[in-house]
Amino acid sequence: MKIICIGRNYVDHISELNNEKPTEPVIFMKPDTAVLPKKTPFVIPAFSNDVHHEVEILVKICKVGKYIDAKFAHKYYDEIGLGIDFTARDVQAKLKEKGLPWEKAKSFDHSAVIGAFLSKKDFSSVENINFELKSNGKSVQVGNTDLMLWKIDELVAYVSQYFTLKKGDIIFTGTPKGVAKVAEGDVLEGFIENKSMFKIQIK
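Sequential numbering from 108 applies to the sequence shown in this note's numbering.
Structure follows, in structure tokens:
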């Protein structure tokens, strides 16, 4: 199973981190060891003092595809989920300064929360899905897939030009504004259309 992540896909998030707006999707990968096991707390790694939460809509691929045309992309996924891309922001900043890859900041063990999935049929349109992250009961990130620079079908098609998509692969589609540092004792809960998709504790 591949975890394919899209960076800088929401304008407001690009602005809050003072990043340059990309002209094409930014792609990075997480290994399967990045998945946080179910019912397991997220432990802040010793190498970072500034780990941020980034809530994201997830797309689960349901069949093999390569060089997929955007108009047929909807046939290659049938479930929508929610997750977190934990990012060691201090580590990432140092890597970016040197023009180096982000893997140490983005792909470390347990940096990917994969919550529950819903059938695509549950939504009238995948281009209008509301989602939210609450920290200790307070709303900290709110998004809608309509605000994506590149919509889900466009992302599936684009990614497939570089990587063969296989059944079970998951695409993290980017995060809206509101990313922030997590602290020991925090409880993070993610929602799609007010339905709880995951709940994790920070240690």
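Think of the CB as a built atom: it goes at the ideal place given N, C-alpha and C, for glycine as much as any other residue.
Quick caveat: nothing in here was measured; it's all calculated off a predicted structure.
Integer-rounded CB distance, given that residue j should sit under 8 Å from residue i
i       : j       : result
Gly-190 : Val-220 : 5 Å
Ile-110 : Ala-153 : Their Cβ separation, rounded to whole angstroms, is 23 Å, which puts Ile-110 and Ala-153 out of contact at 8 Å.
Asn-223 : Phe-305 : Position check: residue 223 holds Ala in this sequence, whereas Asn was assumed. Confirmed, about 7 Å.
Lys-137 : Cys-112 : 6 Å
Ala-287 : His-160 : 7 Å
Val-166 : Ile-187 : 6 Å
Phe-270 : Asp-192 : Wrong, their Cβ atoms sit about 18 Å apart, outside the cutoff.
Terminal residues of the alpha helix (DSSP H) in which residue i lies
i       : result
Glu-131 : First-last for Glu-131: undefined, no H or E at that position.
Leu-202 : 196-204
Ala-264 : 259-267
Ala-212 : 210-213
Residue of the options minimising C-alpha distance to residue i
i       : options                               : result
Lys-146 : Val-294, Phe-298, Ile-299 and Glu-300 : Val-294
Ser-226 : Gln-248, Lys-245, Lys-182 and Leu-256 : Lys-182
Ala-290 : Lys-310, Phe-298 and Pro-283          : Lys-310
Val-118 : Tyr-265, Met-255 and Val-286          : Met-255
His-217 : Ile-307, Ile-259, Gly-292 and Lys-284 : Ile-307
Lys-273 : Ile-175, Lys-213 and Lys-201          : Ile-175
Glu-207 : Phe-135, Asn-125 and Gly-285          : Before going further, note that residue 207 is Leu rather than Glu in the sequence given. Selected option, being the one with the closest Cα: Phe-135.
Phe-179 : Val-266, Pro-283 and Asp-260          : Asp-260
Buried or exposed (CB count within 10 angstroms, at least 16 for buried), residue i
i       : result
Leu-143 : buried
Gln-199 : buried
Thr-194 : buried
Gln-248 : buried
Gly-244 : exposed
Gly-52  : Given that the chain is displayed from residue 108 to residue 310, the structure contains no residue 52 and the question cannot be resolved.
Lys-92  : The requested residue 92 does not occur in the structure, where the chain is confined to residues 108 to 310.
Tyr-184 : buried
Thr-231 : It should be pointed out that residue 231 corresponds to Ser in this sequence rather than to Thr. With fewer than 16 other Cβ atoms within 10 Å, it is exposed.
Asp-229 : exposed
Asn-116 : buried
Asp-276 : buried
Thr-130 : exposed
Lys-201 : exposed
Continuous beta strand (DSSP E) stretch holding residue i: start and end
i       : result
Tyr-184 : 184-192
Leu-272 : Taken as a continuous stretch (DSSP letters only), Leu-272 belongs to no beta strand (DSSP E), as it is neither H nor E.
Lys-167 : 162-168
Val-289 : No beta strand (DSSP E) contains Val-289, which DSSP labels as neither H nor E.
Ala-177 : Here Ala-177 belongs to no beta strand (DSSP E), and DSSP marks it neither H nor E.
Ser-303 : 302-308
Lys-245 : 245-251
Phe-230 : Taken as a continuous stretch (DSSP letters only), Phe-230 belongs to no beta strand (DSSP E), as it is neither H nor E.
6 Å Cβ shell around residue i - same chain, five flanking residues per side excluded
i       : result
Glu-300 : Asn-237
Val-150 : Lys-310
Gly-285 : Val-247 and Gln-248
Glu-204 : none
Gly-114 : Val-133
Residues near residue i by beta carbon distance below 7 Å, same chain, minus five either side
i       : result
Ser-303 : Glu-296
Gly-292 : Ile-309
Gln-268 : Tyr-174
8 Å Cβ shell around residue i - same chain, five flanking residues per side excluded
i       : result
Glu-156 : Inspection of the sequence shows that residue 156 is occupied by Asn rather than by Glu. Closer than 8 Å at Cβ, skipping near neighbours: Asp-197.
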